[in-house]
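Worksheet: the structure to be examined is printed underneath.
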Amino acid sequence: MLEFKNISFKYEEDPDFIIRNLSFKVNKGEFISIVGPSGCGKSTVFRLICKLERPFEGNIFLENKNINTLEKGYIGYMPQNDLLIPWRTILQNCSLPLEIKGENMKEVKYEAEKMLKDFGLEKYKNKYPRDLSGGMRQRVSFTRTLLTGSKVLLLDEPFSALDAITRLSMQEWLLDKWSKLNKTILFITHDVEEALFLSTRVFITDGSPIGKFREIKVDLDYPRSRDMLDNPDILRIKAQLVEELKKGVRL
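Using UniProt numbering, the first residue of the sequence shown is number 1, and each one after it goes up by one.
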């Protein structure tokens, strides 16, 4: 589905590489979490997929096509901050990806309203971002990301600013939506337990430059419940992940 082939990246003015000869594959329908210390280059991986940055060398492929040949809308990207436009209603915010594609406005309104209804957000469609809680804003942001029509979604620490209870609720909400949508998700997080709860596989890096991800398969069935995290094998993996992440922490 998505493949990095020997990707290296650095900023022109910086002699040090952030990513060095990185290769990995993500299969269709997977939920992959990328875990690593702050500042190691995780978000740069997403910026490369979105073509916000260009590789120093190597190629990125989506469905066996080089992303440099793909038009807008090939990827859905949800950053850490929801970036909802304050002067647009929820419906207008969700309509934005379709408007950018130049679709018929009647169809745009229909598709956005349908998605809001499917996600239980219809009653908020005429409200503004300021009227919504943090968790509700993130649901709207995710809905807008889906309306790009992309088969692959990049979620960059979308729940990090939420309180603990809302965060747990949003994790369960996201898994429920993913199970029904047939999408492939890459998810950046610092939270080891969050990664284990959500993912089919976890990619771990312990620092910069990122040269290789260590991969851990999460052998838990879906749908998932919190008590699954008490499985002895999962607790052992969690302890290993925490120790690996400690190695990359700069004090």
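From the three backbone atoms N, C-alpha and C, an ideal C-beta is built for every residue, glycine too.
Quickly, what does DSSP pair Gly-76 with across the bridge? List them, please. When DSSP reads this structure, Gly-76 sits in a beta bridge with Leu-153.
Touch test, the region 165-172 against the region 205-216, Cβ-Cβ under 8 Å, three pairs minimum: With a cut-off of 8 Å, the region 205-216 and the region 165-172 do not count as touching, because too few Cβ pairs lie within range.
Applying the 10 Å Cβ sphere with the 16-neighbour rule, what's the burial state of Val-152? Buried is the call here.
If you draw a straight line from the C-alpha of Pro-232 to the C-alpha of Glu-30, how long is it? Their backbone Cα atoms lie some 24 Å apart in a straight line.
Would you tell me roughly how many angstroms separate the C-alpha atoms of Met-1 and Trp-178, rounded to the nearest one? Rounded to whole angstroms, Met-1 to Trp-178 spans 16 Å at the Cα level.
So, helix, strand or coil for Arg-47, using DSSP? Note: Arg-47 maps to helix in three-state DSSP.
Shortest alpha-carbon distance to Gly-135 belongs to which of Ile-49, Gln-80, Glu-111? Ranking Ile-49, Gln-80, Glu-111 by CA distance to the CA of Gly-135 puts Gln-80 first.
By a C-beta neighbour count over all protein chains shown, 10 Å radius and 16 as the cutoff for buried, is Met-105 buried or exposed? Counting every other CB atom within 10 Å of its CB across the protein chains shown gives Met-105 a total below 16, marking it as exposed.
With a threshold of 16 other CB atoms inside 10 Å of the CB of Leu-251, please say whether the residue is buried or exposed. Confidence at Leu-251 is low in this model, with a pLDDT of 41, below 50, so its placement is unreliable and no value can be given for it.
Would you list the residues sitting across from Asn-59 in a DSSP beta bridge? Answer is Lys-5, bridged to Asn-59.
What is the residue span of the alpha helix (DSSP H) that Ile-100 lies within? Ile-100 -> alpha helix (DSSP H) spans 90-100.
Sequence-distant residues of the same chain with beta carbon closer than 8 Å to Arg-236, five excluded per side: Around Arg-236: no qualifying Cβ.
When the distance is taken between beta carbons, is Leu-154 closer than 8 Å to Ile-67? At least 8 Å separates the beta-carbon of Ile-67 from that of Leu-154.
Under 8 Å between C-beta atoms of Leu-116 and Gln-138: For Leu-116 and Gln-138, no; Cβs fall outside 8 Å.
With respect to the alpha helix (DSSP H) encompassing Lys-217, which residues constitute its N-terminal and C-terminal limits? It is not in any alpha helix (DSSP H) - Lys-217 instead sits in the beta strand (DSSP E) that spans 214-217.
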